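See below for the structure under consideration.
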Amino acid sequence: METMPTDVGSLEPLTPTLVNQSGEVVEATPVLQPAKTEHQQRLNHEAHRRWRASTAVDFLSKVGSIDILETRINQDSTVLYILEVRLNSSTSRLSLKQGSPVLKIERSFTEFEELREGIQKAPRAFVKLTAGREKRKKILAQFMGDMVAMGKRRAEKVGKRECEAQSIIPVLLEEFLLGQSSN
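Under full-length UniProt numbering, think of the first position of the sequence shown as 1, with each following residue one higher.
See the structure below:
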């Protein structure tokens, strides 16, 4: 019985091969996809962003309320705000006890700042934040409620330009609330 080499470094890289109908082994050459033009790439990005915005708006339309009732301090001495997200009972297919949160998410103040910065890049978005943990809890809960309401809103396109905020803000909020990364 033949022994196989155990040193992975001594193995030669494989080349893709095909066997044709006559049984002959032929080396397969990869077919390169034509490079997309910058315009095609931008169109694909725009289409993806619009699709993401519509699914994010669907998610936001189901959000009934967001409260921040408690905080905790993690190992790094960072204050984490615990968001409780409740869905509208009319839009949720989940059978939940009245008032019980569907999502509990922990977010640091820095994450709220990052969300705020992302939203501020969209036109007409401004939120004032103040110091003090109890005051911040109220302000951040109000901020989230306002942002969800704004993210749900769909204005008709007027003129040649469309509102970028309508496609950016719902996606940012959905990622923030579901703990997904925008990368």
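Don't be surprised by glycine CBs; every beta carbon is placed ideally from N, CA and C.
Predicted model only: the values in this text are computed from it and were never measured.
DSSP three-state assignment for residue i, whether helix, strand or coil
| i | result |
| --- | --- |
| F59 | helix |
| V79 | strand |
| L172 | helix |
In DSSP terms, what residue i is bridged to
| i | result |
| --- | --- |
| D67 | E84 |
| I73 | V79 |
| L103 | V85 |
| S108 | L80 |
Test item: CB-CB of residue i and residue j under 8 Å
| i | j | result |
| --- | --- | --- |
| N88 | K104 | no |
| L140 | I73 | no |
| L173 | V85 | no |
| L79 | R116 | For clarity, residue 79 is Val in the given sequence; the question names Leu instead. No, these two residues do not count as a Cβ contact at 8 Å. |
| V57 | G118 | no |
| K135 | T71 | no |
| R83 | M147 | The question names Arg, yet the displayed sequence has Leu at residue 83. Not in contact: L83 and M147 (Cβ atoms no closer than 8 Å). |
Bounding residues of the alpha helix (DSSP H) (the contiguous stretch that carries residue i)
| i | result |
| --- | --- |
| R136 | 133-152 |
| G179 | G179 -> no alpha helix (DSSP H), and no H or E assigned at all. |
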